[in-house]
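Okay, structure first, notes after.
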Amino acid sequence: MNVNASPTYHTSTEQKLKARNCALMLKNGSPKLRDILRENCRIRMKQSRQDAFSMSRNVTIERRQLINTIVKEELANKQIENDIELHENILKEILDNWDDWQNEEIEKQLRDLDPDNDTNQNIFCPVCQTNLLKLQENIISCNCGLRLYYPKSLHEFYEIILMNVKAHEERCFNKLTFFTEPKVGFKVLALNTLCTCCDYYASIVELL
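Residue numbers (the UniProt record's numbering): 1 to 208.
Below is the structure:
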């Protein structure tokens, strides 16, 4: 006579204890685990290219669904996806911090372009964001190949960049891309900016 074997569970006692301890640490305010979870969620949200997630600063239904899915998956990685209370707490915390995260991204982008905002001599190239810009005889240039005709100051040039970054920030948190455009017969380039998520486009320096 065959004897039915005891049922086999895929989750071991050790795994259950680990998940329980992890949940308790998160509930009791473990900063390290909460920070890791929040940062993982933020990285994944930044990588998302869904229009509903990037077209508005307001937390839309579609965006909430996306964030909810990400939180569930991150909790699943910790083997605590069934903890409803913890899920709701983390979700609320992420939604509450949405605007702060977005503002941090904008501020970082501006710092990358102009770390010493009070001087004309320390403005980084918006294209490569690595080298400092130079202005000589109405030509703005960079070692990356950027070459623009601009008969004003570097500070005024930066103000135009800043204006476009802020205008874009009103509708989308993703980072703008700055790119040059050559034109036959010109030794200088045009400079434009574009967002591939919300289709924001602006001409920074035109070729007349």
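All residues carry an ideal CB built from backbone N, CA and C; glycine is no exception.
Counting the other Cβ atoms within 10 Å of the Cβ of residue 74 gives 16 or more, which makes it buried.
Less than 8 Å separates the beta-carbon of residue 71 from that of residue 94. With the rule of 3 Cβ pairs closer than 8 Å, the segment 195 to 202 counts as touching the segment 170 to 182. When only Cα atoms are considered, residue 39 and residue 90 end up about 12 Å apart. Residue 69 carries a helical assignment under DSSP once its states are collapsed to helix, strand and coil. If you look at residue 166, you'll find it isn't in any beta strand (DSSP E); it sits in the alpha helix (DSSP H) that goes 154 to 169. When DSSP reads this structure, residue 136 sits in a beta bridge with 139.
Between residue 149 and residue 157, the CB-CB gap reaches or exceeds 8 Å.
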